[in-house]
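S.K.: Here it is: the structure, laid out below.
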Amino acid sequence: MNIESVKKELEKDLLNVNSMNELNDLKVKYLGKKGLITELNSNIKNIKNEEKKEYGQKVNDLRNTFNSFYEEKKEKLEKEILDKKLSSEAIDISLPATKIISGAPNILEELIEQVEEVFMSMGYDVVDGPEIELDKYNFEMLNIPKGHPARDAQDTFYIEGEEILLRSQTSPVQVRTMLEGKGEKPIRVICPGKTYRRDDDDATHSHQFMQIEGLLVDKDISLSDLKGTIDILAKKLFGPETETRFHPSYYQFTEPSVEGDISCFNCHGKGCNICKNTGWITVVGAGVVHPNVLRMSGYDPNKWSGFAFGFGAERLAMLKYDINDCRVFYNTDLRESKTFDRKEQD
Amino acid sequence: MISLEWVKEYIDISDQDLKELAVKITQSGINVEKVITNHIDNVVIGEVVECNDHPDSDHLHVCDVNIGDKVVQIVCGAPNVRKGLKVIVALPGAVLPGDFEIKKSKIRGVESNGMICALYELGLEEKTDEAYNRGIEELDKNAKVGEDAFSYLGYDDTQYELDIHKHRNNDCYYHIGFAYEIGAILNREVKLPEDNFSEIDDSIDKHFSLKVDTDKCPYYLAKMVTGVKVGESPDFIKKRLISAGMRPINNVVDISNYVMLEYGQPLHFFDKKKLGNKIVVRDAKDNEEVVTLDGKNRVLKTSDIVITDGNRSVCIAGVMGGENTEVDENTTEILIEAAIFDPVSIRYTAANLDLRSEASIRYGKGLSYEYTDKAMRRACYLLEKYAGAKILSGIVSHDKVDKSDKVVEFYPEDVNKILGIEISETDMKVELGRLDFPYKLDKGKFIVTIPKRRLDIDPNVNDIAEEIGRLYGYGNLVSTLPVVPIKRGEYIGDVKYRKEISKRLRRLGLNETKTYTLVSPEMSKLFDYEGKEKCILPNPMSIDKSVVRTSIIPSLLNVYDYNKKRKVKDIMLYEIAKTYDKKYNEESKIAGLMSGLYLTNGWNEFKKVDFYIVKGIVENLLDYMGFKNRYTFEVGTCNDLHPGISANILLDRKVIGVIGRVHPSVLKDEVYVFELSLQALMSKIKPLKYKEAPRYPAIEKDCAFILDKDVTAGNVLDTIKKAGGRLLDSINVFDVYTGENVGEGKKSIAYTLTFMDSTRTLTDVEVMEVFNNIIDKVCKEYNAVLRDK
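Chains A and B are the protein sequences, given in the same order. Throughout, my numbering is defined as the position within the first sequence, counted from one, plus 8. Throughout, my numbering is defined as the position within the second sequence, counted from one, plus 75.
The structure is reproduced here in structure tokens:
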């Protein structure tokens, strides 16, 4: 066959390639040992010398045409094959995901940690103390001697006589911290922890509950400093527009004593159920540390002053997360816990 | 309960809106919990213009009642209803006590448009048999038809229910004290009630003597009256007692209560004839008995105070009088006791006898002697005026009261430093004036005398700062921050460990729980693997919360149960909490519970929780805490775990906890638990250090041993480690097999051993030498056979 007829046949064949097999057959047909182009090539010896160059050029062109077609076609066919394979591998991406396991925090602990963060950023250490306490630390050194009526409000679980008890408040941790400070070190601590009182468990009472108490002892500390401090926490927990106000209250271990209200985050003062139509919600009991308390723990009230405050963790969590039964925190219904396995909004 | 009508007697508040006043009072420190008004809308005066028997009843009447603007038909069952009577009518819309709303209705087929009322039905009288038998209230003929019944009766009153923090009760829980509080807020004067009486020409000294034989009675006054006529109290006394929540009895008893509610000072009236001529106040004897006014026999302790006539006990001091000297309708001579007893002692006595009377509550809070004096005078005044009493001259008394003044000296800046604001000297003068605290000003220094009625105020600047501050208004406080050095706070001690462990366990998929420290005796016996003696509460609230737990696992089983009942299937829990033994030794523990699918998408692949997952959790935690290669597991010994699927966890060869499947006799479900001592994890660890990844290739060799079934993988591991020396980098189990291929009583464990040297490439020859040594040692030690070789 001459070049022209091979060329014509090739042009015809190229139109009919549809699979890798056909493409490979074609390769054998043209470039195989006895392939048409191979033969044209070996025929060069029979070509006149002066025509050899031109002949050779043409055969070469033909080979190049074939090769470039071959490569192109091969790529195309391979892609088709891959596409087909991949499309057969398609899955239903709408099926449920495998649950990547991760645990949720207890709601109270989550809330407490938010409070801890705020106070740690202001230099407060977080400490805890024993839950089985001495009456001395739980009451006496807090200016509540035996037989004092203030003890009635905290119906206490006594364990041994009137000396050992389940702590009814986290304040004994403050006493312990002051004793460690030996009247010399300034103090900045918060002590979140479990406390116990003889209450029947219901939606708003629990014989075991969490307090978050704080104590700052330093030089020239005032009630206004306490207000500024509470204000920072309130804004962080309940939003930047939250305001704080104090009204008078009475505790044995602080003088003056106050209760701190925050402006209602729900109605912003218009009045709603949460704030009982007052626009304000009481969240903290606090005050300037009573001079007797400082003195009993070794701090000279003429040199040192401070403030103390106590939040109910349950109350804060109930307000913040709109929970109306404090037993929720102790039941651990996993269907509820799971919603707390995420970050808080910024 | 404070009656505002009553308070009006001592201070002018007629211009005040009582709801707004309550807010002001609350803001300055006395919490008014509730503003109650007696008034019920739609209760009017009516006149029965027609009264006929109900056609279908033997006791009901059908009445036509004129209520001013019209005549309505009302069915009434009272036997005393009759034509021409002026009555109290509750019309439809009135809501009577007990949330009972009056509606238009039919009673046995006859229309009724309201209710004709008795006083007790309006909450104005106690419902006694006597009151019930009296039937409906019969009003005076002159009562004006259509007028509001409450204002006609004079029962229109507003009461404040107070929540006063304990140490201010003594000056605010009675009407005069409360008037002073209002006086301070409104800056108005308080006017004390009249107490002038005349005395007859006879002295108590001739008829009576007193001896006080105890330290617990610092103040005791006695005065005597004769000629008393016991009868009904005047209306104003009855009404006020009712509005303060007390039941009128007779003029004499009512007067003692009336004075108590005025001055806060309880009084006791003895029938002088029954009492005799002597009183001895002393500590009670053990098991001494007194029959009290309520007819009950009370057994006393030495800590109680008792009033005696020298022989008989006639009164438990400060708590309740004795029956033997009770005032009755025939009483004509009275000995009035006005005293102060040790508050702590009274509180203990009242608690021990479970007898919290109005008197004991007040004595228990402490009293001011000034008001003891005033109350005595006031009682004499009222007895003279309303009970016909003739008052004997003289007063018998015992007086060991410290009457010295409490004086505070301070400069204005002392107060300002505490409050953090600037209150001027002038403003401070105003506030002290409002408080009615007498003061002198000496070169800028205040010298303040605290009134006796304010027992709650100690003579120090803080107390004064509080009084001035609360009246000046805490609204004037500013928000400042303490000027203290800047530092970042830290988690200290076990708190830090608790936080770290908590975070890690959550990351591993366990959910945090919080359960109760107090458990039932049954729960406390479960998972008692340490055999610790338990701390048991002597006076628990209930038996199911009576023991301080030593293990958290039983509480987690409760949480498991709670969730299972709510159809939660995959339950992964942990809790970190403090536990205590009988000697109050504290141990913080970390407990976990796992059950169900650890990893799942619900529709194909999953991984069910088994022992090895839980073991993996524990190992992951221990590795995280820095204890890699320091812990081991040995076959378990805890009785409440599956004997074949449990282990003790050891750290540095000391048992620090347990792990395993819950024993099927405790819980049938497949539930795994672990518990570790947190204290044990607080031991020292090495600092973090960078370790370069190996540069030289590792050589892996596989081998499988056929072993006796009771040889553990742990045993073999130890042997391999020892024989492998330092070239052996890691050991992995890749197959465990039991079955016919290895024979009965045997098992096969297959290992991949990895050899490596961080400084060079190992040769096959030297690896084979070590490898063969390992095989030899294992075969020899455990009588094992190398499989497939």
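Beta carbons: idealized from backbone N, C-alpha and C, even for Gly.
#1: Using the C-alpha atoms, what's the distance from residue 545(B) back to residue 324(B)?
#2: Let me check one thing: in DSSP terms, what residues is residue 599(B) bridge-paired to?
#3: Should residue 269(A) be labelled buried (16 or more other beta-carbon atoms within 10 Å of its own) or exposed?
#4: Could you name the residues of the same chain whose beta carbon sits closer than 7 Å to that of residue 496(B), not counting the 5 residues immediately before and after it, in chain order?
#5: State the CB to CB distance for the pair residue 142(B) and residue 221(B), rounded to an integer number of angstroms; the pair is presumed to be in contact (CB under 8 Å).
#6: Verify whether the separation of the beta carbon atoms of residue 421(B) and residue 438(B) is less than 8 Å.
#7: If you draw a straight line from the alpha carbon of residue 711(B) to that of residue 731(B), how long is it in whole angstroms?
#8: Give the range of the alpha helix (DSSP H) segment to which residue 789(B) is assigned.
#9: According to the neighbour-count rule (16 or more other Cβ atoms, all chains shown, within 10 Å of its Cβ), is residue 678(B) buried or exposed?
#10: Let me see if you follow: with CB-CB separation under 8 Å, is residue 172(A) close to chain B or not?
#11: From residue 602(B) to residue 741(B), what distance separates their C-alpha atoms?
#12: If distances are taken between C-alpha atoms only, which option among 547(B), 456(B), 486(B) and 858(B) comes closest to residue 506(B)?
#13: Using only alpha-carbon positions, find the residue among 47(A), 38(A), 332(A) and 104(A) that is nearest to residue 210(A).
#14: Would you identify the three-state DSSP class for residue 498(B), choosing helix, strand or coil?
#15: Given a cut-off of 8 Å, decide if residue 559(B) and residue 341(A) are closer than it, judged by their beta-carbon atoms.
#16: On the DSSP bridge list, what partners appear for residue 651(B)?
#17: Identify, in the order they occur along the chain, each residue of the same chain with its Cβ nearer than 6 Å to the Cβ of residue 518(B), setting aside the five sequence neighbours on each side.
#18: My guess is that residue 667(B) and residue 749(B) are in contact by the Cβ rule of under 8 Å, so how many angstroms apart are they, rounded?
#19: Count the CB pairs spanning the stretch 79–95 of chain A and the stretch 280–293 of chain A that are closer than 8 Å, and state whether there are at least three.
#20: Give, in chain order, every residue of the stretch 675–703 of chain B whose Cβ lies closer than 8 Å to some Cβ of chain A.
#21: Helix, strand or coil for residue 207(B) per DSSP?
#22: Please classify residue 9(A): is it buried, with 16 or more other beta-carbons within 10 angstroms of its beta-carbon, or exposed?
#23: Compare the C-beta of residue 524(B) against all C-beta atoms of chain A and say whether one is closer than 8 Å.
#24: May I have the straight-line CA-CA distance separating residue 223(B) from residue 395(B), to the nearest angstrom?
#25: Using the Cα positions of residue 198(A) and residue 515(B), report the straight-line distance between them to the nearest angstrom.
#26: If you reduce the DSSP assignment to three classes, tell me which class residue 226(A) lands in.
#27: Please work out which residues of its chain come closer than 8 Å, Cβ to Cβ, to residue 154(A), disregarding the five sequence neighbours upstream and downstream, and give them in chain order.
#28: Within 8 Å, do at least three Cβ pairs link the stretch 183–201 of chain A to the stretch 217–234 of chain A?
#29: Could you name the residues of chain A that residue 610(B) contacts, counting a contact when the two beta carbons are closer than 8 Å?
#30: For residue 115(B) versus residue 225(B), is the C-beta spacing smaller than 8 Å?
#31: Report buried or exposed for residue 254(B), applying the criterion of at least 16 other Cβ atoms within 10 angstroms of its Cβ.
#32: Apart from the five residues on each side of it in sequence, which residues of its chain come closer than 6 Å, Cβ to Cβ, to residue 318(A)?
#33: Pair every Cβ in the stretch 791–808 of chain B with every Cβ in the stretch 822–832 of chain B, then say whether three or more of these pairs are closer than 8 Å.
#34: For residue 189(B), does the count of other Cβ atoms within 10 angstroms reach 16, so buried, or fall short, so exposed?
#35: Note down, in chain order, each residue of its chain lying with its Cβ closer than 6 Å to the Cβ of residue 313(A), except the 5 sequence neighbours on either side.
#36: Counting only runs that start and end within the stretch 154–225 of chain B, where is the alpha helix (DSSP H) found for 4 or more residues in a row?
M.R.: So, to answer that:
#1: On the second sequence, residue 324(B) is found 249 positions in, with the first residue counted as 1. On the second sequence, residue 545(B) is found 470 positions in, with the first residue counted as 1. Distance between the alpha carbons of residue 324(B) and residue 545(B): 41 Å.
#2: The sequence position of residue 599(B) within the second sequence is 524, counting from 1. DSSP, once it has assigned bridges, lists no residue as partnering residue 599(B).
#3: The sequence position of residue 269(A) within the first sequence is 261, counting from 1. By the neighbour-count rule (16 or more Cβ atoms within 10 Å), residue 269(A) is buried.
#4: Here the question's residue 496(B) lines up with position 421 in the second sequence. The residues 551, 552 and 553, in chain order, have a CB closer than 7 Å to that of residue 496(B) in the same chain once the five nearest residues on each side in sequence are set aside.
#5: The residue labelled residue 142(B) in the question sits at position 67 within the second sequence. The residue labelled residue 221(B) in the question sits at position 146 within the second sequence. About 6 Å separates the CB atoms of residue 142(B) and residue 221(B); that is less than 8 Å, so the two are in contact.
#6: Taking the second sequence and counting its residues from 1, the one referred to as residue 421(B) is at position 346. Taking the second sequence and counting its residues from 1, the one referred to as residue 438(B) is at position 363. Taking 8 Å as the Cβ cut-off, residue 421(B) and residue 438(B) qualify as a contacting pair.
#7: Taking the second sequence and counting its residues from 1, the one referred to as residue 711(B) is at position 636. Taking the second sequence and counting its residues from 1, the one referred to as residue 731(B) is at position 656. When rounded, the separation of the alpha-carbon atoms in residue 711(B) and residue 731(B) is 12 Å.
#8: The residue you call residue 789(B) lines up with position 714 of the second sequence. Residues 788–799.
#9: Walking along the second sequence from the start, residue 678(B) turns up at place 603. Under this definition residue 678(B) is an exposed residue.
#10: The residue labelled residue 172(A) in the question sits at position 164 within the first sequence. Interface residue, yes.
#11: Numbered from 1 along the second sequence, position 527 holds the residue referred to as residue 602(B). Numbered from 1 along the second sequence, position 666 holds the residue referred to as residue 741(B). Using only the alpha carbons, I get a separation of about 10 Å.
#12: Taking the second sequence and counting its residues from 1, the one referred to as residue 506(B) is at position 431. Among 547(B), 456(B), 486(B) and 858(B), the Cα nearest to that of residue 506(B) is on 547(B).
#13: Within the first sequence, the letter at position 202 stands for residue 210(A). When each option's Cα is compared against that of residue 210(A), the closest is 332(A).
#14: To locate residue 498(B), count along the second sequence from 1; it is residue 423. Under the three-state reduction of DSSP output, residue 498(B) falls in the coil class, being neither helix nor strand.
#15: Taking the first residue of the first sequence as 1, we reach residue 341(A) at position 333. Taking the first residue of the second sequence as 1, we reach residue 559(B) at position 484. Not a contact, by the Cβ cut-off of 8 Å.
#16: Position 576 of the second sequence, counting from 1, holds the residue named residue 651(B). Answer is 665(B).
#17: Numbered from its first residue, the second sequence carries residue 518(B) at position 443. The answer is none, since no qualifying residue turns up.
#18: Locating residue 667(B) in the second sequence gives position 592, where the first residue counts as 1. Locating residue 749(B) in the second sequence gives position 674, where the first residue counts as 1. With 8 Å as the limit, residue 667(B) and residue 749(B) qualify as a contact, their Cβ atoms being about 5 Å apart.
#19: Contact between the stretch 79–95 of chain A and the stretch 280–293 of chain A is absent, because fewer than three Cβ pairs lie under 8 Å.
#20: Per Cβ criterion, the list reads 675, 676, 677, 678 and 680.
#21: Residue numbering aside, residue 207(B) sits at position 132 when the second sequence is read from its first letter. Helix at residue 207(B).
#22: As a position in the first sequence, residue 9(A) is number 1, starting the count at 1. Per the 10 Å Cβ criterion, exposed.
#23: Along the second sequence, read from residue 1 onward, the residue named residue 524(B) stands at position 449. Residue-level contact by beta carbon fails for residue 524(B) and chain A, as no gap is shorter than 8 Å.
#24: On the second sequence, residue 223(B) is found 148 positions in, with the first residue counted as 1. On the second sequence, residue 395(B) is found 320 positions in, with the first residue counted as 1. Taken atom to atom, the span from the alpha-carbon of residue 223(B) to that of residue 395(B) is near 41 Å.
#25: The sequence position of residue 198(A) within the first sequence is 190, counting from 1. The sequence position of residue 515(B) within the second sequence is 440, counting from 1. Spanning the alpha carbons of residue 198(A) and residue 515(B) requires a straight line of approximately 42 Å.
#26: In the first sequence, residue 226(A) corresponds to position 218, counting from 1. The answer is strand: DSSP assigns residue 226(A) an E or B state.
#27: Indexing the first sequence from 1 puts residue 154(A) at position 146. Closer than 8 Å at the Cβ level, and outside the excluded window around residue 154(A), lie 143, 147, 148 and 170.
#28: Because the criterion of three Cβ pairs below 8 Å is met, the stretch 217–234 of chain A and the stretch 183–201 of chain A touch.
#29: Indexing the second sequence from 1 puts residue 610(B) at position 535. Within chain A, the residues near residue 610(B) are 140 and 167.
#30: The residue labelled residue 115(B) in the question sits at position 40 within the second sequence. The residue labelled residue 225(B) in the question sits at position 150 within the second sequence. Yes; because the gap between Cβ atoms is below 8 Å, this pair is in contact.
#31: As a working note, residue 254(B) is residue 179 in the second sequence. Buried is the call here.
#32: Here the question's residue 318(A) lines up with position 310 in the first sequence. Cβ neighbours of residue 318(A) within its own chain (closer than 6 Å, five residues either side excluded): 219, 221 and 293.
#33: Judged by Cβ distances under 8 Å, the stretch 791–808 of chain B makes contact with the stretch 822–832 of chain B, as three or more pairs qualify.
#34: Sequence index remark: in the second sequence, residue 189(B) carries index 114 (1-based). With 16 or more other Cβ atoms from the protein chains shown falling within 10 Å of its own Cβ, residue 189(B) counts as buried.
#35: What you label residue 313(A) is simply residue 305 of the first sequence in a count that begins at 1. Excluding positions up to five away in sequence, the list reads 229.
#36: Entirely contained in the stretch 154–225 of chain B, the alpha helix (DSSP H) runs reaching 4 residues are, in chain order, 204–209.
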